[in-house]
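Basically this note's numbering = 1-based index in the sequence shown + 3. Think of the CB as a built atom: it goes at the ideal place given N, C-alpha and C, for glycine as much as any other residue.
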Amino acid sequence: MIRLSAITPSGQVQLGNYLGAIRRWAAEGTAEDVYFISDLHAMTSAHNPARLRALTREQLAVLVAAGVAPESVCVQSDLVRELGALTWLLECTCSYGEAARMIQFKEKSEGRASVRLSLLTYPVLMSADILLQGTHEVPVGEDQLQHVELARVLARRFNGTYGEVFVVPRAVVAPTAARVRDLAEPSRKMAKSAPDAAGTVFLLDPPDLVRRKIMRAVTDDRGEVRYDPDGQPGVTNLLEILSACTGKEARELAGSLSDYASLKEATAEAVVAELKPVRERTLALLADPTELDRIRAAGAERARDRSTHRLESALRVSGLG
Ligand code: ATP
Ligand code: MG
């Protein structure tokens with residue numbers, strides 16, 4: 004059974020990426036799965052080449068440092084030729100209307116003077132990511148369901164039109180993945196490409212900076228530590244983070260902490276302790292380019308080896324070559 008997930012190098016890895024995704028990939032993933040750095044997806048809006056390359060490297064190091072099976076890790080653009088070819092076949096399988104109705108495209112393009120064409124077509128590239136690898140399951144958040152549904156539609160349509168080439172993937176919505184909110188603006192989720200980084204804890208932030216960001220987290224003036232997502236979003240977010248780092252129930256933690264200062268101190272120490280080993284291993288890997296390059300090349304080779312036959316079939320049955 005092959006599962007596939009990705010992280011986009013649109014910014015530095017943040018605490019939510021780690022608690023909500025990467026930590027699970029390390030705990031539940033197998034060498035069969037595919038966990039990749041989607042650097043091609045990071046190009047759907049204005050990007051800086053040097054920064055993209057650096058972030059891609061950093062994210063690769065974080066995944067390996069976090070304990071994701073190195074056999075399952077790769078960088079999307081290392082298969083850019085294969086993915087480019089398959090994306091073309093799938094664009095010739097997808098209608099304009101299907102792409103244009105993607106909610107995320109509407110949201111991300113709204114009000115922008117100039118939108119890259121790739122922002123419209125990126126769900127088709129995502130379908131290529133999924134279908135190229137013969138993926139069975141795609142663990143996603145609600146916001147990505149529509150894109151996985153598109154991959155299913157395109158797989159079925161291609162198979163029905165030209166012959167059985169692709170596995171039809173399933174979307175799996177993870178039941179209780181931690182949702183980390185921004186510390187300064189708890190109304191929105193923490194995100195690596197947030198416009199303002201004050202409320203974002205980055206995985207590679209030095210411990211003192213992590214502590215400072217958490218001690219400055221926005222709370223409220225009720226003065227009571229209670230688990231109340233609607234009424235006390237800031238306090239609840241800290242409880243959730245503390246819970247994700249300690250394995251204790253958020254509601255129980257609320258009962259054991261009497262004031263905001265002790266909640267923040269406990270959370271800061273728990274986060275620092277949780278991130279410490281991953282941060283240290285990441286920095287060590289980044290300082291050893293040869294090892295990181297070796298892991299990257301092996302991942303690309305494995306991903307290519309298990310997918311070229313599928314791409315060859317797809318090209319052949321659709322009348323090419
Ligand atoms: P961007 O701002 O570019 O969208 P992001 O931080 O939302 O960045 P993604 O690359 O979109 O990160 O997502 C990578 C993985 O991290 C996904 O599995 C996503 O569900 C998870 N994730 C992202 N943000 C959070 C968060 N705040 N809490 C929990 N999980 C998160
Ligand atoms: Mg995101």
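What you get when you keep residues with a C-beta closer than 5 Å to any heavy atom of ligand 1 is Ile-10, Thr-11, Ser-13, Gly-19, Asn-20, Gly-23, Ala-24, Gly-144, Arg-182, Val-183, Lys-192, Met-193, Ala-194, Lys-195, Ser-196.
In this structure, Val-170 keeps its C-beta atom at 9 Å or more from the C-beta atom of Glu-145.
Nearest C-alpha to Arg-191 among Ala-276, Pro-236, Leu-295, Ala-253: Pro-236.
In this model, Ser-80 and Ala-200 are separated by some 27 Å (Cα to Cα).
Within a 10 Å sphere around the beta-carbon of Cys-248 sit 16 or more other beta-carbons, which makes this residue buried. Cβ atoms of Phe-108 and Leu-93 stay farther apart than 8 Å, at about 16 Å.
Scanning Asn-20, Arg-6, Thr-11, Ser-13 for the CA closest to the CA of Ala-181 turns up Asn-20. His-312 counts as exposed, since fewer than 16 other C-beta atoms from the protein chains shown sit within 10 angstroms of its C-beta.
Taking all protein chains shown into account, Ile-217 has 16 or more neighbouring C-beta atoms within 10 Å of its C-beta and is therefore buried. In terms of Cα proximity to Leu-286, the closest of Arg-60, His-44, Gly-14 is Arg-60. Comparing alpha-carbon positions, the option among Ala-53, Leu-82, Ala-24, Leu-55 lying closest to Arg-299 turns out to be Leu-82. Scanning Val-118, Arg-56, Pro-210, Asn-162 for the CA closest to the CA of Glu-272 turns up Pro-210. Residue burial is scored here from C-beta neighbours: Asn-51 has fewer than 16 other C-beta atoms within 10 angstroms and is therefore classed as exposed.
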